[in-house]
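Residue numbers (full-length UniProt numbering): 1 to 338.
C-beta: ideal position from N, C-alpha, C; glycine also.
Here the structure is a predicted model, which means the values were calculated and not measured.
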């Protein structure tokens, strides 16, 4: 008698990237099947039944970058697991009402006991459904602010994987290729750790143990609503390494100190000093990637006289020490340059 194979539904929407959708699909399709084929010379029994689902049913669907796909099924059934890949829309896009059919289906699946797993900005669909209220969550680092605007959602920008909800049935991966962490976790949970290890070796998957912070762009996009603060942002972008930068910003703004701090935080989401730190650390990251300058010299170049303070701040904000960051990303840049 054959064992029951959990069905994994991968939700396709017009804004999904085919690479993520079918990357997850391929990992589940390979589980149980490919390791014996390569190591023992005989194809193994698949552990899962992955299916692409969409509101269009089995009709052809054009997704991100003009890729055409043909889903396997519609949204009229409940699988054991639902995977929601990313939404390729800008963070400021309005989602309310845009995915009404998908959101209602997710609610039905969750109520029926399904595991709901998201990759990247797909977590926004869970937030739209209200299922993340009172829950821990993560998403791509560029969408964390947006996710945090939903009531009761506790966002963890640094984490590449968050598991929560009743019965641990809400699973969220961060951005980019952390969908591979999501797939491996689900394979381990449903099919065993050994099988997940086999797949990690087959697909050369490297677990994102350091989380998302090493990959994140710390500096926020400039805002346009407050012209005075915008002028200050333009100035500080070129003068972040100067001593007492906040005092200079207050003088440039022409505002009282209290008004400046209030308006700056309202416009950017950061205190003036936090904003200065983000600019300094982004410049330090670029220097660590591309130069052989010592860490202490880089700290001084971006405005920190105390190298130890710079090291602690860098580790807290980036998730790696300056030396670790240089080894990881400096080596990558060198390999890409050739």
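Assign residue i to one of three DSSP states: helix, strand, or coil.
i: residue 155; result: strand
i: residue 94; result: coil
i: residue 68; result: strand
i: residue 113; result: coil
i: residue 164; result: strand
i: residue 186; result: helix
i: residue 78; result: coil
i: residue 145; result: helix
i: residue 205; result: coil
i: residue 234; result: helix
i: residue 267; result: helix
i: residue 37; result: helix
i: residue 272; result: helix
i: residue 196; result: helix
i: residue 73; result: strand
i: residue 177; result: helix
i: residue 244; result: coil
i: residue 318; result: helix
i: residue 13; result: coil
i: residue 302; result: coil
i: residue 124; result: helix
Report all residues from its chain with a CB closer than 6 Å to the CB of residue i; omit the five preceding and five following residues, and keep chain order.
i: residue 329; result: 289
i: residue 128; result: 95 and 103
i: residue 57; result: 74
i: residue 198; result: 35
i: residue 45; result: 32
Using a Cβ-Cβ cut-off of 7 Å (strictly less than) and excluding sequence neighbours within five positions of residue i, which residues of its own chain qualify?
i: residue 42; result: 36
i: residue 279; result: 219, 236, 237 and 240
i: residue 253; result: 228, 232 and 260
i: residue 147; result: 123, 124, 127, 137, 139, 153 and 155
i: residue 162; result: 136, 137, 138, 156 and 172
i: residue 245; result: 236, 239 and 276
i: residue 341; result: Residue 341 cannot be examined here, being either before or after the span of the chain that is shown, 1 to 338.
Residues in its own chain within less than 8 Å of residue i by CB, not counting five upstream and five downstream?
i: residue 1; result: Per-residue confidence for residue 1 stands at a pLDDT of 40, beneath the threshold of 50, marking its modelled position as unreliable; the derived number appears in the next sentence. Around residue 1: no qualifying Cβ.
i: residue 108; result: 78
i: residue 195; result: 31, 32, 35, 47, 187 and 188
i: residue 144; result: 138, 155 and 157
i: residue 151; result: 133
i: residue 135; result: 152, 153, 154, 164, 165 and 170
i: residue 287; result: 293, 298, 301 and 302
i: residue 14; result: 61, 62, 63 and 64
i: residue 18; result: 63, 64, 65, 67 and 69
i: residue 114; result: 78, 79, 80, 81, 82 and 169
i: residue 291; result: 298
i: residue 339; result: Within the shown structure, residues of the chain are numbered from 1 to 338, placing residue 339 beyond reach of any answer.
i: residue 333; result: 289 and 290
i: residue 307; result: 295, 296, 299 and 300
Can you tell me the Cβ-Cβ gap for residue i and residue j, rounded? I've got them flagged as a contact below 8 Å.
i: residue 38; j: residue 55; result: Rounded, the Cβ-Cβ distance is 37 Å, inconsistent with contact.
i: residue 69; j: residue 183; result: So it is not a contact: roughly 18 Å between Cβ atoms.
i: residue 8; j: residue 49; result: 7 Å
i: residue 284; j: residue 314; result: 7 Å
i: residue 21; j: residue 29; result: With 8 Å as the limit, residue 21 and residue 29 do not qualify as a contact, their Cβ atoms being about 12 Å apart.
i: residue 265; j: residue 271; result: 6 Å
In whole angstroms, give me the CA-to-CA distance for residue i and residue j.
i: residue 97; j: residue 117; result: 21 Å
i: residue 133; j: residue 61; result: 31 Å
i: residue 165; j: residue 110; result: 10 Å
i: residue 273; j: residue 250; result: 12 Å
i: residue 51; j: residue 296; result: 53 Å
i: residue 277; j: residue 305; result: 13 Å
i: residue 322; j: residue 275; result: 19 Å
i: residue 201; j: residue 179; result: 16 Å
i: residue 173; j: residue 205; result: 15 Å
i: residue 130; j: residue 63; result: 25 Å
i: residue 101; j: residue 82; result: 15 Å
i: residue 59; j: residue 71; result: 7 Å
i: residue 16; j: residue 85; result: 6 Å
i: residue 93; j: residue 185; result: 30 Å
i: residue 360; j: residue 258; result: Lying before the first or after the last residue shown, residue 360 is absent from the chain, which here runs from 1 to 338.
i: residue 149; j: residue 312; result: 29 Å
i: residue 317; j: residue 3; result: 47 Å
i: residue 105; j: residue 226; result: 40 Å
i: residue 310; j: residue 255; result: 30 Å
i: residue 160; j: residue 90; result: 20 Å
i: residue 27; j: residue 121; result: 20 Å
i: residue 234; j: residue 119; result: 34 Å
Between residue i and chain C, is the shortest Cβ-Cβ distance under 7 Å, so that the two count as touching?
i: residue 314; result: Of the protein chains in the structure, only one exists, and it is not chain C.
Any idea which residues DSSP pairs residue i with across the strands?
i: residue 136; result: 154
i: residue 50; result: 8
i: residue 84; result: 118
i: residue 340; result: This structure leaves residue 340 out entirely; the chain is present only between 1 and 338.
i: residue 62; result: 68
Check whether the Cβ of residue i sits closer than 6 Å to any heavy atom of the ligand NAP, and report yes or no.
i: residue 318; result: Absence of the ligand NAP is noted for the structure shown, with no ligands found whatsoever.
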